[in-house]
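All remarks here apply to the structure that follows.
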Amino acid sequence: MSATPCSPLAGKHIVLGICGGIAAYKSVFLLRLLIKAGAEVQVVITPAGKQFITPVTLSALSQKPVVSEFFTANTGEWHSHVDLGLWADCMVIAPATASTIGKMAHGVADNMLVTTYLSAKSHVFVAPAMDLDMMAHPSTQANLDLLRSYGNTIIEPETGYLASGLTGKGRMEEPENIVKVLEQHFARTRSLEGKKVLITAGPTYEKIDPVRFIGNYSSGKMGYALAEECAARGAEVTLVSGPVAITTEAPGVKVVKVESAREMLAECEKVFAGSDISIMCAAVADYAPAAVAESKIKREHSDVPVIELVKNPDIAATLGTAKRQGQILAGFALETDNEADNAAEKLDRKNLDLIVMNSLRDKGAGFGTDTNKVTIIDRTGAYPYPLKSKREVASDIIDNIETRL
Ligand code: PMT
Numbered sequence: 044m045s046a047t048p049c050s051p052l053a054g055k056h057i058v059l060g061i062c063g064g065i066a067a068y069k070s071v072f073l074l075r076l077l078i079k080a081g082a083e084v085q086v087v088i089t090p091a092g093k094q095f096i097t098p099v100t101l102s103a104l105s106q107k108p109v110v111s112e113f114f115t116a117n118t119g120e121w122h123s124h125v126d127l128g129l130w131a132d133c134m135v136i137a138p139a140t141a142s143t144i145g146k147m148a149h150g151v152a153d154n155m156l157v158t159t160y161l162s163a164k165s166h167v168f169v170a171p172a173m174d175l176d177m178m179a180h181p182s183t184q185a186n187l188d189l190l191r192s193y194g195n196t197i198i199e200p201e202t203g204y205l206a207s208g209l210t211g212k213g214r215m216e217e218p219e220n221i222v223k224v225l226e227q228h229f230a231r232t233r234s235l236e237g238k239k240v241l242i243t244a245g246p247t248y249e250k251i252d253p254v255r256f257i258g259n260y261s262s263g264k265m266g267y268a269l270a271e272e273c274a275a276r277g278a279e280v281t282l283v284s285g286p287v288a289i290t291t292e293a294p295g296v297k298v299v300k301v302e303s304a305r306e307m308l309a310e311c312e313k314v315f316a317g318s319d320i321s322i323m324c325a326a327v328a329d330y331a332p333a334a335v336a337e338s339k340i341k342r343e344h345s346d347v348p349v350i351e352l353v354k355n356p357d358i359a360a361t362l363g364t365a366k367r368q369g370q371i372l373a374g375f376a377l378e379t380d381n382e383a384d385n386a387a388e389k390l391d392r393k394n395l396d397l398i399v400m401n402s403l404r405d406k407g408a409g410f411g412t413d414t415n416k417v418t419i420i421d422r423t424g425a426y427p428y429p430l431k432s433k434r435e436v437a438s439d440i441i442d443n444i445e446t447r448l
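Residues in the sequence shown are numbered consecutively from 44, following my numbering.
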């Protein structure tokens, strides 16, 4: 079979997970298309999957033994799901049954496919296939939402004639379209090669005394997702992070830890001039105590203290003033009311190219959540997006920014 010329899938390592459902026959076509595009494919099939399609067919097409069990029965050879997870440039599970989706959502690692999924470091695509009522059931939908919140991409099933004889939503997406989704993913993989990106994330803590501070609820999840998305596209990222409980191991991301707004500004100023893209996602405290008490302010020996506050520097506005032609500066706006007007005002005042508005009035948006619902606002208008995982939101934002490069 000759490879599709210049497919972004050429040379990619893909783990194709196949579950037990009628749509498993379509995986053969998917496998063929992936191989034709030049990908190296390792099939991992669930025990139920083998009832629908034989490993012989799949190994003949992939030119690799199909993995299903933890051990090969006659030789005792152990198949390492960890190695497979690390080998994969992406994992696609097609068809994904309700059972496997549930196991993936809740970490039920009782077969090779789910253990490989849990070990995978790369992006995971899930193409569900099942009867319409199973698909619509709140438990399936909740499990799919959980997978989205982990950053997995759900390739929505189509509406049509189903194996049960009923008609509705549940047909696995056609293999050609699944390949297109994967190609788009890899086409943008190196789209920021050679670019330098500065991102701020998390809260800032403004010291009152050695044990107390002024802070906020930012977890850093949105900013870290942006950093990982940019790094996955080949950028060299400096992530200036306030105090958060999360970490990132993503290659290409240099994390610079700070505590206060002033420290954050100082670190940003070191790298801003050399950055092509800067994204201000941190929830920076607007005020800091005018003076920091040297020792703990004691309840017993003082009246109720009055803490005088001073304004913190506005990091985004400071960088906005220094911005050169060709640099892109994006901000966030966390609003509770009058959202669009407030965000548009910040866009202008801080000399930003775009601002990403999220509102605490939207369920699942803002602080601490794994999801966000944003509207990207620039001088041409406001572009709303539905609720998505923070990694998917990051991808939408970077797609938007890339159109400006
Ligand atoms: O960290 P998570 O839990 O995932 O939550 C994500 C988030 C809600 C923190 C994020 O999506 C977000 O909205 N970040 C910006 C929060 C904020 O401070 O918004 P703001 O409207 O107050 O600030 C507007 C912009 O100016 C922001 O880009 C902010 O980084 C920047 N700013 C604000 C004050 C200041 N002194 N300096 C700044 O640079």
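All residues carry an ideal CB built from backbone N, CA and C; glycine is no exception.
Can at least three beta-carbon pairs, one atom from the region 358 to 365 and one from the region 332 to 346, be found at a separation below 8 Å?
-> no
Within 7 Å: the Cβ of residue 297 and any heavy atom of the ligand PMT?
-> Position 254 of the sequence shown holds residue 297. The closest heavy atom of the ligand PMT lies 7 Å or more from the beta carbon of residue 297.
In the region 238 to 279, which residue ranges form an unbroken beta strand (DSSP E) of at least 3 residues, counting only runs that do not cross its ends?
-> 239 to 244, 249 to 252 and 255 to 257
Proximal residues to residue 236 (C-beta, below 7 Å), its chain only, five neighbours per side dropped = By 1-based counting over the sequence shown, the position of residue 236 is 193. So the list reads 277, once near-sequence residues are dropped.
Label residue 194 either buried or exposed according to how many other C-beta atoms from any shown protein chain fall within 10 Å of its C-beta, with 16 as the threshold for buried.
-> The residue given as residue 194 occupies position 151 in the sequence shown. Buried.
Contacts around residue 189, its chain only, beta-carbon distance under 6 Å, and the 5 residues preceding and following it disregarded = The residue given as residue 189 occupies position 146 in the sequence shown. The residues are 148.
Tell me, please, whether the region 196 to 212 touches the region 237 to 248 by the rule of three or more beta-carbon pairs shorter than 8 Å.
-> no
For residue 416 and residue 66, the rounded distance between their alpha carbons | For the purposes of this step, residue 66 is taken as residue 23 along the sequence shown, with counting starting at 1. For the purposes of this step, residue 416 is taken as residue 373 along the sequence shown, with counting starting at 1. Answer to the nearest angstrom: the Cα atoms are 33 Å apart.
Compute the Euclidean distance between the alpha carbons of residue 111 and residue 155, then round it to the nearest angstrom.
-> Translated into the one-based positions of the sequence shown, residue 111 becomes position 68. Translated into the one-based positions of the sequence shown, residue 155 becomes position 112. Roughly 6 Å between the two C-alpha positions.
Confirm, please, whether the CB-CB distance from residue 419 to residue 443 is below 8 Å.
-> Locating residue 443 in the sequence shown gives position 400, where the first residue counts as 1. Locating residue 419 in the sequence shown gives position 376, where the first residue counts as 1. Contact flag set, yes.
Cutoff 7 Å; reference residue 218; Cβ partners in own chain excluding five residues on either side = Position 175 of the sequence shown, counted from the start, is the residue given in the question as residue 218. The answer, listed in chain order, is 69, 72, 73 and 76.
For the alpha helix (DSSP H) containing residue 449, list its first residue and its last residue.
-> An answer regarding residue 449 cannot be provided, because it is not within the stretch 44 to 448 covered by the chain.
Could you give the distance in angstroms between the alpha-carbon of residue 53 and the alpha-carbon of residue 132?
-> One-based indexing of the sequence shown puts residue 53 at position 10. One-based indexing of the sequence shown puts residue 132 at position 89. Distance between the alpha carbons of residue 53 and residue 132 is about 11 Å.
What does a CB cutoff of less than 7 Å around residue 63 pick up in its chain, not counting 5 residues either side in sequence?
-> Working through the sequence shown from its first residue, we reach residue 63 at position 20. Result list for residue 63: 89, 91, 92, 94, 95 and 140, in chain order.
Touching or not, the region 266 to 274 and the region 315 to 326, by the rule of three or more beta carbon pairs under 8 Å?
-> yes
With distances taken from CA atoms, which of 282, 300 and 287 is nearest residue 293?
-> As a first step, residue 293 is located in the sequence shown; it is residue number 250 there, counting from the start. The residue with the shortest Cα to Cα distance from residue 293 is 282.
Cβ-Cβ distance between residue 221 and residue 170 below 8 Å = Numbered from its first residue, the sequence shown carries residue 221 at position 178. Numbered from its first residue, the sequence shown carries residue 170 at position 127. The answer is yes: Cβ separation under 8 Å.
Three-state secondary structure (DSSP) at residue 168?
-> As a position in the sequence shown, residue 168 is number 125, starting the count at 1. Assigned with DSSP and collapsed to three states, residue 168 falls in strand.
If you compare alpha carbons, which of 327, 295 and 383 is closest to residue 307?
-> For this step, residue 307 is matched to residue 264 along the sequence shown. Taking only the C-alpha atoms, the option nearest residue 307 is 327.
Kindly indicate the opening and closing residues of the beta strand (DSSP E) around residue 189.
-> The residue given as residue 189 occupies position 146 in the sequence shown. Unbroken run through residue 189 is the alpha helix (DSSP H), 181 to 192; no beta strand (DSSP E).
CB-CB under 7 Å to residue 404, same chain, minus the five flanking residues each way: which ones, in chain order?
-> Taking the sequence shown and counting its residues from 1, the one referred to as residue 404 is at position 361. The residues are 379.
Rounded C-alpha distance that separates residue 434 from residue 267 | Here residue 434 refers to the residue found at position 391 of the sequence shown. Here residue 267 refers to the residue found at position 224 of the sequence shown. Looking at the two C-alpha atoms, the distance is approximately 9 Å.
Using the rule of at least 16 other Cβ atoms within 10 Å of the residue's Cβ for burial, across every protein chain shown, is residue 412 buried or exposed?
-> The count along the sequence shown starts at 1 and reaches residue 412 at position 369. Result: buried.
Closest to residue 225 by CA distance: which of 318, 59 and 422 is it?
-> The residue you call residue 225 lines up with position 182 of the sequence shown. Residue 59 is the option with its Cα nearest to residue 225.
Taking residue 340 as part of the alpha helix (DSSP H), name the residues at either end of that continuous run.
-> Walking along the sequence shown from the start, residue 340 turns up at place 297. Here residue 340 belongs to no alpha helix (DSSP H), and DSSP marks it neither H nor E.
Quick one: measure Cβ to Cβ for residue 437 and residue 269, integer angstroms, because I've assumed they're closer than 8 Å.
-> Against the sequence shown, residue 437 aligns to sequence position 394. Against the sequence shown, residue 269 aligns to sequence position 226. Confirmed, about 4 Å.
Tell me whether residue 113 is buried or exposed, calling it buried when 16 or more other Cβ atoms sit within 10 Å of its Cβ.
-> Position 70 of the sequence shown holds residue 113. Flag for residue 113 reads exposed.
Are residue 331 and residue 257 close, meaning C-beta to C-beta below 8 Å?
-> Residue 331 sits at position 288 when you count from the first residue of the sequence shown. Residue 257 sits at position 214 when you count from the first residue of the sequence shown. Closer than 8 Å, so yes.
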